[in-house]
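Residue numbers (the working numbering): 551 to 707. We put the beta carbon where it would ideally sit given N, CA and C, even for glycine. Note that the structure is a prediction, hence the values are computed from the model and not measured.
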């Protein structure tokens with residue numbers, strides 16, 4: 551059962567709480583979210599309902615943050631996939647493939663949130679990128695439409 555979270559700032563506070571622990575099974579600070587066998591894991595799920603949908607699977611030392619972008623059609627889905635590929639090339643936190651049913655998933659470890667630069671990037675992703683993606687999809691659709699019209703103009707001239 552997921553715990554409802556009201557906003558991005560509340561979710562970031564939950565993520566910021568990650569801390570390193572030595573795994574009794576592996577012998578080092580292994581991301582509990584990938585194993586879930588240890589009782590120290592303290593697994594919980596959090597969700598922000600809305601558009602976009604945001605889902606967090608969290609353990610004591612790691613989390614998987616997943617985002618589902620609302621899409622209108624196959625073109626939107628293609629554009630979201632391309633954005634995901636571009637993110638993956640630039641940002642090692644992006645999981646490929648994302649969690650089932652989601653467009654983007656980030657593997658976040660305690661070491662990531664202890665770095666102000668990485669944590670601020672995660673916050674920026676949630677506060678700006680995710681919030682603005684619908685506008686970006688509309689802009690991309692407009693560019694594609696203009697390109698298609700220019701191709702027709704070339705053909706007719």
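Measure the alpha-carbon distance for residue 649 versus residue 702 and round it to whole angstroms. 40 Å
Taking buried to mean at least 16 other C-beta atoms within 10 Å of its own C-beta, is residue 557 buried or exposed? exposed
Identify the continuous beta strand (DSSP E) that holds residue 632 and give its terminal residues. Not the beta strand (DSSP E): residue 632 falls in the alpha helix (DSSP H), residues 624 to 640.
Which complete beta strand (DSSP E) runs does the segment 644 to 707 hold, if anything under 3 residues is left out? 654 to 659
Alpha carbons only, please: which of 632, 616, 620, 626 is nearest the one belonging to residue 643? 616
Enumerate in chain order the residues of its own chain whose CB-to-CB distance from residue 638 is below 8 Å, with the five nearest sequence positions on each side excluded. 644, 646
Given a cut-off of 8 Å, decide if residue 611 and residue 659 are closer than it, judged by their beta-carbon atoms. yes
May I ask which residues mark the beginning and end of the alpha helix (DSSP H) holding residue 560? 558 to 566
Where are the beta strand (DSSP E) runs, 3 residues long or more, that stay fully inside the segment 597 to 624, in chain order? 603 to 608, 612 to 618
Spatial neighbours of residue 601 within its chain, please: C-beta separation below 7 Å, excluding the five flanking residues on both sides. 620
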